[in-house]
Amino acid sequence: MRRFVLLLALLASACQQSSPANRQDNAPAASAPRTGAKLDRSHAGAALPDLVIKDPDGEDMSMSELGGKPVLVNLWATWCAPCIKELPTLDALAREPGAPSVVAVSQDMEPQPVVADFLARNHIGKLEAYQDSENRLMGELKVEVLPTTILYDSTGREVWRYTGENDWKSSAAKALLAEAK
Numbered sequence: 001m002r003r004f005v006l007l008l009a010l011l012a013s014a015c016q017q018s019s020p021a022n023r024q025d026n027a028p029a030a031s032a033p034r035t036g037a038k039l040d041r042s043h044a045g046a047a048l049p050d051l052v053i054k055d056p057d058g059e060d061m062s063m064s065e066l067g068g069k070p071v072l073v074n075l076w077a078t079w080c081a082p083c084i085k086e087l088p089t090l091d092a093l094a095r096e097p098g099a100p101s102v103v104a105v106s107q108d109m110e111p112q113p114v115v116a117d118f119l120a121r122n123h124i125g126k127l128e129a130y131q132d133s134e135n136r137l138m139g140e141l142k143v144e145v146l147p148t149t150i151l152y153d154s155t156g157r158e159v160w161r162y163t164g165e166n167d168w169k170s171s172a173a174k175a176l177l178a179e180a181k
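Under full-length UniProt numbering, the first residue of the sequence shown carries the number 1, and numbering increases by one thereafter.
Spelled out as structure tokens, the structure:
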């Protein structure tokens with residue numbers, strides 16, 4: 001019986017997901033695989049939440065400051081492989097004249113300079129390091145998977161959200177982006 005209890009304890013400890021030092025406690029459950037990507041219009045018309053995030057200078061910024069023009073809000077993290085894969089296409093989109101503003105909001109708990117350095121090391125030059133290290137935006141928007149990208153129109157109303165990695169340079173993505181007025 002004693003061996004059984006020891007074996008059970010050993011097996012239970014092997015099932016531990018990760019050590020507390022190696023995980024982000026308020027991270028989403030998963031990052032979306034490409035095959036799980038989907039377009040969701042069920043939140044259409046919802047207002048851009050008036051939450052405070054950190055701007056690229058590390059200062060508090062209200063999300064309401066983004067209103068007045070179409071904006072594409074991307075929630076991502078440095079540890080999310082699909083997020084990293086789509087960042088160059090978001091960066092390219094941000095450089096295009098007439099494209100909506102692209103605001104990539106990191107969900108990392110790391111200090112903002114770490115996120116900015118990550119973008120620089122990965123040659124992401126146009127996107128800036130906005131940050132929501134407390135994941136309040138994810139909670140308010142009911143986002144469970146990264147990356148999630150949400151298009152808001154010029155009145156600050158949600159048009160759609162896209163969960164999972166996307167090629168934001170593709171003709172299909174451009175057709176979706178054209179829906180914002």
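Cβ atoms here follow ideal geometry from the backbone N, Cα and C, with glycine treated the same way.
Could you check how far apart the C-beta atoms of V143 and L72 are, in whole angstroms? I think they sit under 8 angstroms. That belief does not hold up - the Cβ atoms of V143 and L72 are roughly 14 angstroms apart, past 8 angstroms.
Buried/exposed call for S106, threshold 16 Cβ in 10 Å: buried
In three-state terms, what does DSSP make of M138? helix
Within 10 angstroms of the Cβ of D132, are there 16 or more other Cβ atoms? Answer buried if so, exposed if not. buried
Taking the alpha carbon of R41 as the point to measure from, which residue in R95, L87, P97, R157 has its own alpha carbon closest? R157
Please say whether P100 and L141 have beta carbons closer to each other than 8 angstroms? no
Return the residue from the list P147, L119, Y130 that minimises the CA-CA distance to Y162. Scanning P147, L119, Y130 for the CA closest to the CA of Y162 turns up P147.
Helix, strand or coil, according to DSSP, for V105 in the structure here? strand
Reference A37, options L177, E165, K181, A173, closest by Cα: Measuring from the Cα of A37, the nearest candidate turns out to be E165.
Verify whether the separation of the beta carbon atoms of V103 and L66 is less than 8 angstroms. yes
Rounding to the nearest angstrom, what Cα-Cα distance links W168 and E86 in this structure? 8 angstroms
Suppose only complete runs of 4+ residues qualify. What are the alpha helix (DSSP H) ranges in the UniProt domain "Thioredoxin" (42-181), listed by chain order? Here the runs fully enclosed are 81-95, 112-121, 136-141, 171-177.
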